[in-house]
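Only one structure is covered here, and it is reproduced in the block below.
Protein chains: 2
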Amino acid sequence: MPGYSDRLNLRIKRLRTSALVGLDPRWDWLPDEIVRSATASGGTTFEIQARAFEAFSCSIIDVVASLVPAVKPQVAFFEQLGPAGMTALLNVMKYARKAGLIVIADAKRGDIGSTASAYADAWLAGESPDAAPYPADALTINAYLGKDTLQPFVDAAVSRGAGLYVLVRTSNPGAAVFQDRASDGDKLFETVADVVQSLNNEFWPGDSYGGVGAVVGATWPQELSDLRSRMPNTPLLVPGYGSQGGTAADVAGAFAENGLGAVINSSRGINFAFRRDDLASQFGPEKWRDAIAAATHEMIADLREHTPTP
Amino acid sequence: MPGYSDRLNLRIKRLRTSALVGLDPRWDWLPDEIVRSATASGGTTFEIQARAFEAFSCSIIDVVASLVPAVKPQVAFFEQLGPAGMTALLNVMKYARKAGLIVIADAKRGDIGSTASAYADAWLAGESPDAAPYPADALTINAYLGKDTLQPFVDAAVSRGAGLYVLVRTSNPGAAVFQDRASDGDKLFETVADVVQSLNNEFWPGDSYGGVGAVVGATWPQELSDLRSRMPNTPLLVPGYGSQGGTAADVAGAFAENGLGAVINSSRGINFAFRRDDLASQFGPEKWRDAIAAATHEMIADLREHTPTP
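So the protein sequences, as listed, match chains A and B. Numbered according to my numbering, the first sequence spans residues 431 to 740. Numbered according to my numbering, the second sequence spans residues 431 to 740.
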């Protein structure tokens with residue numbers, strides 16, 4: 431079974447970029463055209479919003495599928511619409527996979543034993559989109575409960591050629607409160623990072639990159655660079671570029687010299703590019719897809735200029 | 431708005447028990463009657479299983495609604511069935527609320543900023559079942575990302591009279607790996623506990639119990655007792671009684687002298703009581719509801735004997 435990282439890196443090398451586009455639909459910010467069309471078909475508020483989220487996300491996929499290796503739907507925004515939202519999410523994920531994109535479900539799940547297995551079964555389709563109801567190539571997970579609680583996810587990742595991204599150092603301002611607590615010289619996030627790297631050593635021995643990745647925020651350039659060295663076989667998922675303040679220079683340390691080793695996420699900056707003053711003037715409200723394309727090209731160029739290019 | 435803890439404690443005092451029944455449906459263990467009926471109606475595998483999970487969970491609710499204050503659906507088991515599973519979960523939660531039960535959604539969610547708000551909007555209905563698509567009175571959450579990421583959940587809990595249970599010291603064997611890392615004399619879970627108590631001090635001042643609870647495993651009696659003193663205004667949710675090895679004596683330290691302050695969860699031990707040798711012989715495969723009732727009465731009696739009775 432080709433591993434997750436092999437499949438991801440193949441696309442990264444072909445497209446020569448590690449730009450990852452988050453899919454974060456928000457009702458209040460959608461293009462008028464999407465809102466009008468979804469509303470016209472009627473139904474409950476949740477059904478209307480779910481239809482709009484699906485149409486909007488699929489439009490973004492149409493724009494970016496030939497430009498970037500992967501997309502990252504934010505599960506929370508679909509979950510808040512009830513089962514209708516989950517149906518929309520599922521359709522978006524299937525649509526992205528059919529378009530050839532790697533799909534990283536940003537769900538930040540985590541639980542113990544058989545419950546963790548149930549989450550893995552929900553999300554980790556891996557190589558075969560039919561292997562899970564929500565057909566993700568990879569899933570973000572939370573390790574607070576302990577190393578033993580990661581194992582059911584790792585087992586599923588191994589058997590299905592799927593990937594995981596464990597939260598290590600998150601992009602929010604308060605990330606340090608718990609994650610930086612030091613014990614015997616190591617901070618908590620460093621201990622979590624060591625566990626992640628050890629799982630790659632054990633379950634993907636000899637691979638340049640294993641199936642267990644780490645989430646490390648672009649808002650912490652020093653930690654990002656330190657963690658790149660500390661977890662040499664661990665693929666990184668870097669949120670916080672763009673809207674949250676991280677720059678291309680800030681994320682340069684996430685990459686190996688050959689330009690592999692990380693994907694850099696932008697959500698709002700791409701999804702709602704048509705609301706950015708300069709792009710709004712350039713494209714107007716109707717050509718919002720063109721604004722999204724322009725912002726994607728801009729991000730790719732920015733990364734090529736300031737980080738090692740794959 | 432009456433707070434979550436007020437509503438919970440009212441039911442605990444009326445029923446004179448803090449027993450919490452987890453709803454953890456598993457396809458392979460369901461009563462034959464449930465499987466046959468769900469299969470006869472046809473549909474996809476997910477639809478059939480979701481229908482069975484709903485029927486089984488609602489049957490448990492019928493049995494326990496007059497005996498215990500609350501139920502705790504495990505979201506992962508429904509999520510693994512795709513959108514059909516989420517519809518079943520929603521129906522189960524509505525059914526439980528109509529039966530007068532407090533509903534604690536065990537979803538262990540957690541994310542940053544507006545994403546955390548979206549999860550709160552998905553789950554935290556609080557006092558009014560119509561205030562969220564999944565009408566939970568309370569939600570389990572994960573604090574690894576930082577204190578700032580709890581705030582959107584706390585804001586929703588305050589405004590809707592809802593509750594939260596933050597993972598503090600979980601019941602799994604490997605819980606200590608990260609949770610017990612000591613820093614300046616305090617273990618990580620103690621630092622998380624202090625944050626939880628501080629949120630209750632700040633947002634529910636003067637209340638015997640605030641809206642932010644803590645999850646502490648029955649498998650760690652000493653920590654449970656220490657945490658009860660450390661978080662005097664924090665309601666506890668104690669998993670791990672029964673199947674995971676925790677006894678009533680182990681959880682006695684979770685309670686204040688008046689018998690309030692904690693709910694003790696049993697999932698498998700109640701849900702699949704009809705598969706326990708002695709109850710299987712006593713009731714046979716058809717009277718599985720009676721076996722569930724017997725196991726519930728047994729748990730309540732066990733708690734009354736070994737812990738302070740509300």
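Note that CB positions come from ideal geometry on N, CA and C, so glycine has one too.
Taking a beta-carbon distance threshold of 9 Å, MET661 (chain A) does not count as an interface residue toward chain B. Between the alpha carbons of ASP637 (chain B) and GLN627 (chain B) lies a gap of roughly 12 Å.
At least one beta carbon of chain A lies nearer than 9 Å to the beta carbon of SER613 (chain B).
If you check the CB distance, PHE486 (chain A) and PRO503 (chain A) do not come in under 9 Å. The shortest C-alpha to C-alpha distance from LEU519 (chain A) to any of A:SER613, A:PRO582, A:GLU477, A:GLY714 is the one to A:GLU477. Note on the stretch 633-680 of chain B: whole beta strand (DSSP E) runs with a minimum of 3 residues are 642-646, 666-668, in chain order. For the C-beta of PHE608 (chain A), the chain B residues within less than 9 Å are, from N- to C-terminus, ALA573, TYR574, LEU575, GLY576, LYS577, LEU618, THR621, VAL622, VAL625. DSSP places PRO738 (chain A) outside both helix and strand once states are collapsed to three, so it counts as coil.
Counting other Cβ atoms within 10 Å of its Cβ, GLN712 (chain B) stays below 16 and is therefore classed as exposed. Contact holds between the stretch 671-685 of chain A and the stretch 645-662 of chain A, because three or more Cβ pairs, one in each stretch, are under 8 Å apart.
If you draw a straight line from the Cα of ARG734 (chain B) to the Cα of SER448 (chain A), it is about 59 Å long. Here the alpha carbons of PHE702 (chain A) and TYR671 (chain A) stand approximately 14 Å from one another. By DSSP's assignment, LYS502 (chain A) forms a beta bridge with A:GLY452. At a cut-off of 9 Å between beta-carbon atoms, SER544 (chain B) makes contact with chain A. Between ALA548 (chain A) and LEU569 (chain A), the CB-CB gap reaches or exceeds 9 Å. For MET523 (chain A), the closest alpha carbon among the candidates A:SER696, A:VAL501, A:SER589, A:GLY543 is that of A:VAL501. When DSSP states are grouped into helix, strand and coil, GLY699 (chain A) belongs to the helix group. About 50 Å separates the beta carbons of GLY472 (chain B) and GLY604 (chain A), which is beyond the 8 Å limit, so they are not a contact pair. Two segments are said to touch when three or more pairs of C-beta atoms, one from each, lie closer than 8 Å; by this definition the stretch 575-589 of chain B touches the stretch 596-612 of chain A. Contact annotation: in the stretch 542-566 of chain B, residues whose CB is within less than 9 Å of a CB in chain A are ILE542, GLY543, SER544, THR545, ALA546, SER547, ALA548, TYR549, ALA550, ASP551, ALA552, TRP553, ALA562, PRO563, TYR564. At a cut-off of 3 residues, not a single continuous stretch assigned as beta strand (DSSP E) sits fully inside the stretch 457-487 of chain B. Within chain A, the residues whose beta carbon sits less than 8 Å from that of MET516 (chain B) are GLY512, PRO513, MET516, listed in sequence order.
Within the stretch 700-716 of chain A, not one residue has a Cβ closer than 7 Å to any Cβ of chain B. Contacts between ASN602 (chain A) and chain B, judged by CB atoms closer than 7 Å, involve ILE542, GLY543, LEU575, GLY576, ASP578, THR579 in chain order. Bounds of the alpha helix (DSSP H) holding ASP708 (chain A) are 707-713.
Any Cβ of chain B closer than 9 Å to the Cβ of ARG539 (chain A) would place that residue at the interface, and such an atom is present. Sequence-distant partners of ARG660 (chain A) (beyond 5 residues in either direction) whose C-beta falls short of 6 Å from its own C-beta, in its chain, are ALA623. B:LEU666 is the residue among B:ARG698, B:ALA612, B:GLU716, B:LEU666 whose C-alpha sits nearest the C-alpha of TYR434 (chain B). Sequence-distant partners of TRP457 (chain B) (beyond 5 residues in either direction) whose C-beta falls short of 6 Å from its own C-beta, in its chain, are GLN479. When Cβ pairs closer than 8 Å are counted between the two stretches, the stretch 583-598 of chain B is seen not to touch the stretch 553-567 of chain A, the count staying below three.
If you check the CB distance, PHE633 (chain B) and GLY641 (chain B) come in under 9 Å. Taken in chain order, the members of the stretch 482-505 of chain B whose beta-carbon sits within less than 7 Å of a beta-carbon on chain A are GLN504.
Here ALA552 (chain B) is not bridged, per DSSP, to any residue. Rounded to the nearest angstrom, the Cβ distance from VAL493 (chain A) to THR726 (chain A) is 7 Å, consistent with a contact under 8 Å. Restricting attention to A:LEU438, A:ILE442, A:PRO432, the CA atom closest to the CA of PRO740 (chain A) is found in A:ILE442.
Distance from PHE608 (chain B) to LEU618 (chain A) at the Cβ level is roughly 7 Å; contact confirmed, criterion being Cβ atoms closer than 8 Å.
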